[in-house]
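>
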Amino acid sequence: AGIEAVVVYSSHRDLDILPKYANKGNALEWLIGHLDLRPEQVVVAGDSGNDSAMFLIPGVRGIVVENAQPELVEATLGLPCHRA
Numbered sequence: 028a029g030i031e032a033v034v035v036y037s038s039h040r041d042l043d044i045l046p047k048y049a050n051k052g053n054a055l056e057w058l059i060g061h062l063d064l065r066p067e068q069v070v071v072a073g074d075s076g077n078d079s080a081m082f083l084i085p086g087v088r089g090i091v092v093e094n095a096q097p098e099l100v101e102a103t104l105g106l107p108c109h110r111a
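Here my numbering runs 27 ahead of the position in the sequence shown, where the first position is 1.
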């Protein structure tokens with residue numbers, strides 16, 4: 028249909044269809060700028076694929092929770108984050 032969208036499947040049951048730039052990472056980048064923070068001052072936690080964009084922001088510290096879905100675990104492999 029020519030619609031620019033991002034499709035995120037997570038938790039083996041959830042399907043998010045979002046506008047191209049609508050994700051938690053972009054929202055967090057905006058908030059960091061709005062609050063005049065450094066990424067190093069921010070800690071994020073997540074459990075599913077729709078959280079992965081937050082972990083990709085350089086400097087942001089992340090926590091992958093114990094019951095995280097496999098898609099988040101895979102998306103954060105090699106990233107500097109804590110695995111609870």
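Backbone N, C-alpha and C define an ideal beta-carbon position, used for all residues, glycine too.
Relative to the C-alpha of I84, which candidate in V70, V35, D74 and E93 has its C-alpha closest?
Locating residue 84 in the sequence shown gives position 57, where the first residue counts as 1. Looking at the Cα atoms, V70 is the closest of the given residues.
> Secondary structure at L45, three-state DSSP: helix, strand or coil?
On the sequence shown, residue 45 is found 18 positions in, with the first residue counted as 1. Three-state result, L45: strand.
> Given that a residue counts as buried once 16 or more other Cβ atoms are within 10 Å of its Cβ, and exposed if not, what is N50?
Locating residue 50 in the sequence shown gives position 23, counting from the first residue. With 16 or more other Cβ atoms within 10 Å, it is buried.
> Which same chain residues end up closer than 8 Å to L42 when comparing Cβ atoms and leaving out the 5 residues on each side of it in sequence?
Numbered from its first residue, the sequence shown carries residue 42 at position 15. For L42, where only same-chain residues beyond five positions count, the Cβ hits under 8 Å are V34, V35 and Y36.
> My output table needs one value for I90: the three-state DSSP class, helix, strand or coil.
Taking the first residue of the sequence shown as position 1, residue 90 is located at position 63. Strand at I90.
> Give me whichever residues DSSP pairs with S38 in a beta bridge.
Your numbering for residue 38 matches position 11 in the sequence shown. Paired residues: none, contrary to the question.
> CA-CA distance, E98 and R40?
In the sequence shown, counting from the first residue as 1, residue 98 sits at position 71. In the sequence shown, counting from the first residue as 1, residue 40 sits at position 13. Computed Cα separation, rounded: 12 Å.
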